[in-house]
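Novice: Each position in the sequence shown, counted from 1, maps to that position plus 1 in our numbering.
Please read through the structure below; I'll follow up with questions.
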Amino acid sequence: CVCDITEPVGLSQPTVSHHLKVLVEAGLLAREQRGTWAYYSLVPGALARVAGVLADADVDATV
2 CVCDITEPVG
12 LSQPTVSHHL
22 KVLVEAGLLA
32 REQRGTWAYY
42 SLVPGALARV
52 AGVLADADVD
62 ATV
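Written out as structure tokens, the structure reads:
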């Protein structure tokens, strides 16, 4: 439930829902609808793909 995430991250429910939707559209999360509830899970290999993209980007990590 998105409501389980809002408090730990300190963001509103609509904001968390929006970001989860973006992550689903990017192929990083999977969404499964069960009745009125939506369950999210990490797509296998998603973090490895992100790490590979960041490693290949040759970006200066300092801000």
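Quick reminder that beta carbons are idealized off the backbone N, C-alpha and C, glycines included.
Compare the beta carbon distance of C4 and W38 with 8 Å and say whether it is the shorter of the two.
Specialist: Along the sequence shown, read from residue 1 onward, the residue named residue 4 stands at position 3. Along the sequence shown, read from residue 1 onward, the residue named residue 38 stands at position 37. No, the Cβ-Cβ distance between C4 and W38 is not below 8 Å.
Novice: Any idea what DSSP makes of L12, helix, strand or coil?
Specialist: Here residue 12 corresponds to residue number 11 of the sequence shown, with the count starting at 1. Looking at L12 - three-state DSSP - the assignment turns out to be coil, as it is neither helix nor strand.
Novice: Within the continuous alpha helix (DSSP H) that includes L29, where are the two ends?
Specialist: As a position in the sequence shown, residue 29 is number 28, starting the count at 1. Taken as a continuous stretch (DSSP letters only), L29 belongs to no alpha helix (DSSP H), as it is neither H nor E.
Novice: By alpha-carbon positions, which one of G28, Q34, R35 ends up nearest to A49?
Specialist: Residue mapping note: residue 49 aligns to position 48 of the sequence shown, counting from 1. That would be G28, whose Cα lies nearest to the Cα of A49.
Novice: Do T7 and V17 count as a contact pair if the criterion is CB distance below 8 Å?
Specialist: As a first step, residue 17 is located in the sequence shown; it is residue number 16 there, counting from the start. As a first step, residue 7 is located in the sequence shown; it is residue number 6 there, counting from the start. Yes.
Novice: Residues in its own chain within less than 6 Å of Y40 by CB, not counting five upstream and five downstream?
Specialist: Numbered from 1 along the sequence shown, position 39 holds the residue referred to as residue 40. Result list for Y40: E33, in chain order.
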